[in-house]
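**Q** Below is one structure. I have some questions about it.
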Amino acid sequence: MERFECKQCGAKNSSLAKYCSGCGYRLPESIAIVTEIPDSNINKPEKGIGKKIDTLSFRGTMEPFLTNNLMTSPDMKVFREHKTTLGYNYKDKNGVFVLKLLVSSQVLE
2 MERFECKQCG
12 AKNSSLAKYC
22 SGCGYRLPES
32 IAIVTEIPDS
42 NINKPEKGIG
52 KKIDTLSFRG
62 TMEPFLTNNL
72 MTSPDMKVFR
82 EHKTTLGYNY
92 KDKNGVFVLK
102 LLVSSQVLE
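For the sequence shown, the working numbering gives the first residue as 2, with consecutive numbering after it.
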């Protein structure tokens with residue numbers, strides 16, 4: 002389960018449904034957190050992403066969010082210490098590849 006802390010209001014929640022309830026910040030409905038584990042199993046909540054996806058807008062929304070999470074989350078400390086490059090693959094509700102985002106060790110420093 003993901004853990005988040007809002008830098009604006011300090012709210013700590015254990016799920017995205019409650020994310021930043023103190024300041025009212027919400028992730029767009031079209032964004033789902035996808036967890037991919039080493040044996041290629043994917044844990045993805047069923048959310049409908051529209052037929053047309055504006056990948057530039059999606060990238061513009063997700064890159065700052067992921068970078069901030071990686072730079073500030075205590076859970077990501079091990080990745081920062083080992084200068085790991087993290088890759089996030091996004092697929093639509095039919096499993097079709099949409100976008101790959103990479104956050105490298107240079108961004109984390």
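All residues carry an ideal CB built from backbone N, CA and C; glycine is no exception. Predicted, not measured: the structure shown is a model, and the values here were computed from it.
Identify whether K101 lies in helix, strand or coil by the three-state DSSP scheme.
**A** Reduced to three states, the DSSP call for K101 is strand.
**Q** Using beta-carbon positions only, say whether Y89 and L102 come within less than 8 Å of one another.
**A** Their beta carbons are under 8 Å apart, which means Y89 touches L102 by this criterion.
**Q** Report the rounded CA-to-CA distance for R81 versus L67, giving the unit in angstroms.
**A** Using only the alpha carbons, I get a separation of about 13 Å.
**Q** Should V79 be labelled buried (16 or more other beta-carbon atoms within 10 Å of its own) or exposed?
**A** Classification for V79: exposed.
**Q** With distance defined between alpha-carbon atoms, name the residue in S105, N95, T62, N69 nearest to T85.
**A** Comparing Cα-Cα distances from T85 to each of S105, N95, T62, N69, the minimum goes to S105.
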